[in-house]
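Peer 1:
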Amino acid sequence: MAKINMLQAINDALTIAMEADDKTVLFGEDVGHFGGVFRATSGLQEKFGRDRCFNTPLTEQGIAGFANGLASNGMTAIAEIQFADYIFPAIDQIVNESAKFRYRSGNEFNVGGIIYRTPYGGGIAGGHYHSQSPEAYFTQTAGLKVVVPRNAYQAKGLLLASIRDKNPVVFFEPKRLYRASVGEVPEGDYEIELGKAEVVKEGTDITLLAWGAQMEIIENAAQMAAKKGISCEIIDLRTLAPWDVDTVAASVKKTGRLLINHEAPLTGGFAGEIAATIQEECFLHLESPISRVCGLDTPYPLVHEKEYMPDALKTFEAIKASMKY
Amino acid sequence: MSNATSTTETVHRVSFLDKDSLSIPILKILQADGTTFEKAVLPVIDQALAERIYDTCVFTRVLDERMLGAQRQGRISFYMTCTGEEASIVGSVAALDNEDVILAQYREHAAIRYRGFSTEQFMNQMFSNEKDLGKGRQMPIHYGSQALHYQTISSPLATQIPQATGVGYSLKMQGKRNVAICYFGEGAASEGDFHAGLNMAAVLKSPTIFFCRNNGYAISTPTSEQFAGNGIASRGIGYGMHTIRVDGNDMLAVLAATQQARAYALEHNAPVLIEAMTYRLGAHSSSDDPSGYRSKEEEAKWQQHDPVKRFKLWMMNKGWLSESDDQGLYEKYRQEVLAAVKVAEKLPVTHVDEIINDVYDTPTPRLKQQLATLKQHIKKYPDSYPHSAGRV
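In the order they appear, the protein sequences are chains A and B. Position 246, counted from 1, in the first sequence is what my numbering calls 246; the numbers after and before it change by one each time, with no gaps. Position in the second sequence (from 1) plus 325 gives the number in my numbering.
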């Protein structure tokens, strides 16, 4: 197995998917010859031609609408939205169209062959238009799947599974890990099942739950807690919609405590949904209130990025507080 | 420098262009009395095609009249007519291959009828019964059929426009000798989706016909409050697109323009814009009253341009239709529609199990759990859920 970074893993997955099915088309702003602003699609236009990998005009609603049309007629559409912060012009096409195509038509038509790939999250000194984590906007939309990988291995396997899934998927790529996350990734074709969380590390005292780039944060917090004799179980949710209640609930029944960490603002964030569900599933097992360590309810602040972030220290403090109940 | 605009002429004093600089002619073939203009070049049409077109128009007139009545009686919740716009819709669909993909706005039921949507299928959709292809999930008039290559209507305006660009592109990629056709009104052309869709179609070379029914009103807003430019046609030209403006109440003009648009789109893998100048004789929908925003005189003037009557006179001139044939056709459809209403409204609605199907390709565990909980609740309070009680 070769050690590669997340961008290379994504490029590898896209190559495999496009080689396997010539009805797969990849498009977005600057994804053609240039290979995308992060270079995730480097070399693909040369490999697959301008008909299958191409630049679009600068219009996110156009990209999403075009994806709906392609997929409604039997194609697989891999659409790149250059930054997750710019997915909002496309939100009507994604939420009202992609998500509802199958349901509203009684399955006469569907757009299961769509995947919207988009880099999300902060930690790159990008201010509030290059740092947002808008996953929760999509988790409330029935008909969409929402997936977030945490490293290169996950990115490749989850991306291949998402491309081949029979439902439209919004795939959030943690851009601060694009080059930072290097790991062993198999060369061949493999998939990681959607809708399944992964228990990354077992523990006995408290369950820590996150996804994407925040996985690194809770792992660091768990190491700090271990020095205080606290044993953390670490879970990567991986798919937010539909999410794996069973794995999380089983863990919380064992540890009695849950901490959820996400980068998006606290209010209306996906942690709220998880907390409510787990409270219902595990009420009699809980030793302390479910804890949320999240971004502040502010736009993403450029110079106070460090203060805004639900970092390892804030997480460590929340773990200790939870243990004191 | 890669700026590929075609302007080469230079001037040396300030000189602006305005909308009157662009002269866009309007294609007319058929006159009000059913004769054709002297120099008119006719579309490809024979008696069988003319009869199928006319049959569709009569069915649609009858359906609109009867279903608007059914809405007024409270038998269905909502309805929209296409009265006055039949030539735009039927004339264009008649120019297509049956496998060309239709993406309609909501007022183009004549097009799905032309493809073969049965009277029963119309009723099943409008009464949301268990035979509705859409499984009772959308308001009346949101038809769709995979078999007829007619994509299911979506209520949000203009969303079908960039989708049509994608469908056209997919047809090209799949090597099919087919085009996509996208219907929309001049109001929808104000939405961002319109600009996104047309620009992408022109740049990405998608064989798609963008068919604008410029019918004068978007609900109550007249065109004078909708756009200040030279209609919708000028925008097609602005996006670098082959464009034509036609008399939308002239069946032969619409047919001719669409036949040639289709041939061009296929030959060049390129989009075409057709702007059909017509008039919405009815209300926007059963929920509005046009007397609140336009005069009786205006409507009366447009009654004289009735597209169905004009085509009927042409058919009669050709000896392809008589008054008694015509009366018989109306009578046949009046009976057929009434009979179908009576059958459709008695059928039960879709089974409650369908509530969780088609959200995803297979229902998730959470959805199954929610359905089970719902069914327990319905069993406990059957009187409150008359559609589903007794069938859970």
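Each residue gets a CB set at the ideal place from its N, CA and C atoms; glycine is no exception. Being a predicted model, the structure only gives us computed values, none of them experimental.
Looking at the secondary structure, which residues open and close the alpha helix (DSSP H) in which residue 649/B lies?
Peer 2: Locating residue 649/B in the second sequence gives position 324, where the first residue counts as 1. Its alpha helix (DSSP H) spans residues 648-669.
Peer 1: Is residue 34/A buried or exposed, if buried means 16 or more other CB atoms sit within 10 Å of its CB?
Peer 2: Taking the first sequence and counting its residues from 1, one reaches residue 34/A at position 34. Result: exposed.
Peer 1: Please confirm whether residue 583/B and residue 417/B have their CB atoms less than 7 Å apart.
Peer 2: If you number the second sequence from 1, residue 583/B lands on position 258. If you number the second sequence from 1, residue 417/B lands on position 92. Here residue 583/B is near residue 417/B, since their CB atoms are less than 7 Å apart.
Peer 1: In its own chain, which residues sit with a C-beta less than 7 Å from the C-beta of residue 16/A, not counting the 5 before and 5 after it?
Peer 2: Along the first sequence, read from residue 1 onward, the residue named residue 16/A stands at position 16. Close CB contacts of residue 16/A within its chain, under the 7 Å cut and outside five residues either way in sequence, are with 160 and 189 (chain order).
Peer 1: Between which two residues does the beta strand (DSSP E) holding residue 438/B run?
Peer 2: Sequence index remark: in the second sequence, residue 438/B carries index 113 (1-based). Not the beta strand (DSSP E): residue 438/B falls in the alpha helix (DSSP H), residues 434-440.
Peer 1: Quick one: what does DSSP say residue 263/A is sitting in, helix, strand or coil?
Peer 2: If you number the first sequence from 1, residue 263/A lands on position 263. Three-state DSSP puts residue 263/A in a strand.
Peer 1: Just checking: is the beta-carbon of residue 431/B within a distance shorter than 7 Å of some beta-carbon in chain A?
Peer 2: Start at 1 with the first residue of the second sequence, and residue 431/B comes out as number 106. No, because no Cβ of chain A sits closer than 7 Å to the Cβ of residue 431/B.
Peer 1: In or out: residue 608/B buried (at least 16 other Cβ within 10 Å) or exposed?
Peer 2: Here residue 608/B refers to the residue found at position 283 of the second sequence. With 16 or more other Cβ atoms within 10 Å, it is buried.
Peer 1: Select from the segment 38-53 of chain A all residues with a C-beta closer than 9 Å to any C-beta belonging to chain B, and list them in chain order.
Peer 2: 51 and 52
Peer 1: Grab me the residues of residue 401/B's own chain with a C-beta within less than 8 Å of its C-beta, minus the 5 sequence neighbours each way, in chain order.
Peer 2: Position 76 of the second sequence holds residue 401/B. Only 392, 395, 451, 452 and 465 meet the Cβ criterion.
Peer 1: For residue 571/B, does the three-state DSSP call read helix, strand or coil?
Peer 2: For this step, residue 571/B is matched to residue 246 along the second sequence. Correct three-state label for residue 571/B: strand.
Peer 1: Just the chain B side, please: which residues come within less than 7 Å of residue 67/A by C-beta, in chain order?
Peer 2: Here residue 67/A is taken as the residue at index 67 of the first sequence, counted from 1. Simply 491.
Peer 1: Just to make sure I have the definition right: I need the residues of chain A whose C-beta is within less than 9 Å of the C-beta of residue 576/B. Which are they?
Peer 2: Position 251 of the second sequence, counting from 1, holds the residue named residue 576/B. Simply none; closest approach about 29 Å.
Peer 1: Go ahead and label residue 97/A buried or exposed: buried means 16 or more other beta carbons lie within 10 angstroms of its beta carbon, across all protein chains shown.
Peer 2: As a first step, residue 97/A must be located in the first sequence, where it is residue number 97. Under this definition residue 97/A is a buried residue.
Peer 1: Alpha carbon to alpha carbon, how far is residue 586/B from residue 717/B? Give it in angstroms, no decimals.
Peer 2: Counting from one through the second sequence, the residue named residue 717/B turns up at place 392. Counting from one through the second sequence, the residue named residue 586/B turns up at place 261. Using only the alpha carbons, I get a separation of about 52 Å.
Peer 1: Is any beta-carbon of chain A found at less than 7 Å from that of residue 462/B?
Peer 2: Working through the second sequence from its first residue, we reach residue 462/B at position 137. Contact with chain A is found for residue 462/B, since one of that chain's Cβ atoms lies less than 7 Å from the residue's Cβ.
Peer 1: At what residues does the alpha helix (DSSP H) containing residue 282/A begin and finish?
Peer 2: On the first sequence, residue 282/A is found 282 positions in, with the first residue counted as 1. First-last of the alpha helix (DSSP H) with residue 282/A: 270-282.
Peer 1: Skipping 5 residues on each side, what residues in its chain have a beta carbon closer than 6 Å to that of residue 542/B?
Peer 2: Taking the first residue of the second sequence as position 1, residue 542/B is located at position 217. Excluding sequence neighbours, residue 542/B sits near 605.
Peer 1: From what residue to what residue does the alpha helix (DSSP H) around residue 400/B run?
Peer 2: Here residue 400/B refers to the residue found at position 75 when the second sequence is read from its first residue. Run containing residue 400/B: none; DSSP gives neither H nor E here.
Peer 1: Excluding sequence positions up to five away, which residues of its chain have a Cβ less than 6 Å from the Cβ of residue 360/B?
Peer 2: As a position in the second sequence, residue 360/B is number 35, starting the count at 1. Excluding residues within five positions, none has a Cβ falling inside 6 Å.
Peer 1: Along the segment 108-141 of chain A, what residues have a CB closer than 8 Å to any CB found in chain B?
Peer 2: Listed by position along the chain: 108, 109, 110 and 112.
Peer 1: So is residue 181/A in contact with chain B if we call contact Cβ pairs under 7 Å?
Peer 2: Looking up residue 181/A in the first sequence gives position 181. So, not an interface residue.
Peer 1: Taking only the alpha-carbon atoms, compute the straight-line gap between residue 129/A and residue 123/A and give it to the nearest angstrom.
Peer 2: Residue mapping note: residue 129/A aligns to position 129 of the first sequence, counting from 1. Residue mapping note: residue 123/A aligns to position 123 of the first sequence, counting from 1. Straight-line measurement puts the Cα of residue 123/A at about 12 Å from the Cα of residue 129/A.
Peer 1: Is residue 96/A helix, strand or coil by DSSP?
Peer 2: Along the first sequence, one-based indexing puts residue 96/A at 96. If DSSP states are grouped into helix, strand and coil, residue 96/A belongs with the helices.
Peer 1: Applying a beta-carbon distance threshold of less than 9 Å, which residues of chain B neighbour residue 18/A?
Peer 2: Walking along the first sequence from the start, residue 18/A turns up at place 18. At a beta-carbon threshold of 9 Å, none of the residues of chain B lie near residue 18/A; the nearest stands roughly 13 Å away.
Peer 1: Using a Cβ cut-off of 7 Å, pull out every chain B residue sitting near residue 102/A, in sequence order please.
Peer 2: Your numbering for residue 102/A matches position 102 in the first sequence. Here the neighbours are 683.
Peer 1: What does a CB cutoff of less than 7 Å around residue 93/A pick up in its chain, not counting 5 residues either side in sequence?
Peer 2: Position 93 of the first sequence, counted from the start, is the residue given in the question as residue 93/A. If we look at residue 93/A and ignore the five residues flanking it on each side, its Cβ neighbours are 61, 64, 65 and 68.
Peer 1: In chain A, which residues lie with their C-beta within 7 Å of the C-beta of residue 686/B?
Peer 2: Mapped onto the second sequence, residue 686/B falls at position 361. What residue 686/B touches in chain A: 112, 166 and 167.
Peer 1: Within the same chain, show all residues whose beta-carbon is closer than 6 Å to that of residue 449/B, passing over the 5 residues directly before and after it, in chain order.
Peer 2: Sequence index remark: in the second sequence, residue 449/B carries index 124 (1-based). Only 456, 457 and 669 meet the Cβ criterion.
Peer 1: Return the Cβ separation of residue 239/A and residue 166/A in integer angstroms, given the expectation that the two are a contact with Cβ distance under 8 Å.
Peer 2: For the purposes of this step, residue 239/A is identified with residue 239 of the first sequence, where counting begins at 1. For the purposes of this step, residue 166/A is identified with residue 166 of the first sequence, where counting begins at 1. That belief does not hold up - the Cβ atoms of residue 239/A and residue 166/A are roughly 15 Å apart, past 8 Å.
Peer 1: From 111/A, 131/A, 110/A and 58/A, pick the residue whose C-alpha is nearest to that of residue 304/A; which is it?
Peer 2: Translated into positions along the first sequence, residue 304/A becomes position 304. For the residues 111/A, 131/A, 110/A and 58/A, the minimum Cα distance to residue 304/A belongs to 131/A.
Peer 1: Quick check on residue 507/B: does DSSP put it in helix, strand or coil?
Peer 2: The count along the second sequence starts at 1 and reaches residue 507/B at position 182. Residue state, collapsed to three classes: strand.
Peer 1: Of the residues that make up the segment 467-479 of chain B, which ones have a beta carbon closer than 7 Å to any beta carbon in chain A?
Peer 2: 469, 470, 471, 476, 477 and 479
Peer 1: Using a Cβ cut-off of 7 Å (strictly closer), state whether residue 96/A contacts chain B.
Peer 2: The count along the first sequence starts at 1 and reaches residue 96/A at position 96. Yes, residue 96/A counts as interfacial toward chain B.
Peer 1: Measuring alpha carbon to alpha carbon, tell me which of 209/A, 242/A and 136/A ends up nearest residue 259/A.
Peer 2: Numbered from its first residue, the first sequence carries residue 259/A at position 259. Per the Cα distances, 209/A.
Peer 1: Nearest chain A C-beta to residue 518/B closer than 7 Å, yes or no?
Peer 2: Indexing the second sequence from 1 puts residue 518/B at position 193. Under the Cβ criterion of 7 Å, residue 518/B is counted among the residues facing chain A.
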